[in-house]
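Using the numbering used here, read the sequence shown as starting at 262 and increasing by one per residue. Ideal Cβ placement from N, Cα and C applies to all residues, glycine included.
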Amino acid sequence: MSSSASTAGTISGREVTFSDDEIIVSKTDPKGRITYVNRVFLKVAGYTEQELLGQPHSIIRHPDMPRTVFKVLWDTIAAGEEVFAYVKNATKSGDYYWVFAHVTPTFGPDGSIVGYHSSRRTADRSALDVVEPLYRELLEIERAPSNRKDGLEAATAHLLRTLGDRGAEYDEFVFSLAAA
262 MSSSASTAGT ISGREVTFSD DEIIVSKTDP KGRITYVNRV FLKVAGYTEQ ELLGQPHSII
322 RHPDMPRTVF KVLWDTIAAG EEVFAYVKNA TKSGDYYWVF AHVTPTFGPD GSIVGYHSSR
382 RTADRSALDV VEPLYRELLE IERAPSNRKD GLEAATAHLL RTLGDRGAEY DEFVFSLAAA
């Protein structure tokens with residue numbers, strides 16, 4: 262759930278899959294450090310629970326993921342709202358897996374955000390036909406300027422224009438892909 266680089270090994274280009282009836286679950290503290298993972302997460306990502314607990318969720322970040330998507334995700338959940346997103350993650354061995362993520366803030370008794378909860382299902386293959394080219398385009402825009410901040414701002418503006426052209430908010434866009 263963080264935007265820093267994955268600590269996974271060399272990227273292999275091999276995809277790992279999991280069953281449509283399996284759900285990957287994780288919880289983090291407000292800073293994105295992992296506090297809980299389920300067995301499906303461990304199986305798919307190839308880590309042990311001890312290797313993950315206390316680590317930033319970005320330990321599974323794949324370099325093909327645009328920082329722009331994580332900015333939208335973090336901005337949304339930090340505002341106390343849920344978000345859905347297609348995310349490409351990296352395994353410990355450097356393989357990858359696509360997920361359809363549902364991330365929600367967890368609130369304490371006083372209404373403050375005390376952490377985040379993410380449930381991930383298999384990604385809709387037809388949706389990835391739209392998502393992958395868009396993510397490549399966002400990455401190109403992010404990487405064009407020498408200043409990472411300028412790249413992030415330019416890619417975020419591009420994503421917002423793209424959504425505006427479709428007449429959709431981010432979640433509406435994501436859900437429209439599964440129906441396509």
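On the DSSP letters alone, give me the boundaries of the alpha helix (DSSP H) that Lys353 sits inside. Numbered from 1 along the sequence shown, position 92 holds the residue referred to as residue 353. Premise fails: Lys353 is in no alpha helix (DSSP H) and is neither H nor E.
Which partner residues does Ser287 have in the DSSP bridge list? For the purposes of this step, residue 287 is identified with residue 26 of the sequence shown, where counting begins at 1. Val298 and Ser379, per the DSSP bridge assignment.
Coil, strand or helix - Arg427 by DSSP: The residue labelled residue 427 in the question sits at position 166 within the sequence shown. Here Arg427 sits in helix by DSSP.
Helix, strand or coil: how does DSSP classify His323 here? Here residue 323 is taken as the residue at index 62 of the sequence shown, counted from 1. In the structure shown, His323 sits in coil (DSSP, three-state: anything other than H, G, I, E or B).
Between the C-alpha atoms of Ser265 and Tyr358, what's the straight-line distance to the nearest angstrom? In the sequence shown, residue 265 corresponds to position 4, counting from 1. In the sequence shown, residue 358 corresponds to position 97, counting from 1. In this predicted model, Ser265 has a pLDDT of only 40, less than 50, meaning its place in the structure is not dependable; the value taken from the coordinates is given anyway. Their backbone Cα atoms lie some 18 Å apart in a straight line.
Cut-off 6 Å between Cβ atoms - residues of its own chain near Ile272, not counting five sequence neighbours on either side: What you label residue 272 is simply residue 11 of the sequence shown in a count that begins at 1. Only Gly355 meet the Cβ criterion.
With distances taken from CA atoms, which of Arg381, Val330 and Lys349 is nearest Ile285? Against the sequence shown, residue 285 aligns to sequence position 24. The shortest C-alpha separation from Ile285 is found at Arg381.
Is the separation between the beta-carbon of Gly428 and that of Lys353 shorter than 8 Å? For the purposes of this step, residue 428 is taken as the residue at position 167 of the sequence shown. For the purposes of this step, residue 353 is taken as the residue at position 92 of the sequence shown. No. Outside cutoff.
When you compare only the Cα positions, how much space is there between Thr365 and Pro291? For the purposes of this step, residue 365 is identified with residue 104 of the sequence shown, where counting begins at 1. For the purposes of this step, residue 291 is identified with residue 30 of the sequence shown, where counting begins at 1. So the two alpha carbons sit approximately 11 Å from each other.
So Lys332 is in the alpha helix (DSSP H); what residue range does that whole segment cover? Within the sequence shown, the letter at position 71 stands for residue 332. Element bounds for Lys332: Arg328 to Ala339.
Could you round the C-beta distance between Leu303 and Thr309 to whole angstroms and report it? I think they count as a contact, below 8 Å. Along the sequence shown, one-based indexing puts residue 303 at 42. Along the sequence shown, one-based indexing puts residue 309 at 48. Leu303 to Thr309, Cβ: 7 Å. Contact.
Please list, in chain order, all residues of the same chain as Thr383 whose beta carbon is under 6 Å from its beta carbon, the five residues on each side excluded. In the sequence shown, counting from the first residue as 1, residue 383 sits at position 122. The answer, listed in chain order, is Asp281.
Which residues in the same chain have their Cβ closer than 6 Å to the Cβ of Ile402, if we skip the five residues on either side of it in sequence? Locating residue 402 in the sequence shown gives position 141, counting from the first residue. Here the set comprises Ala415, Ala416 and His419.
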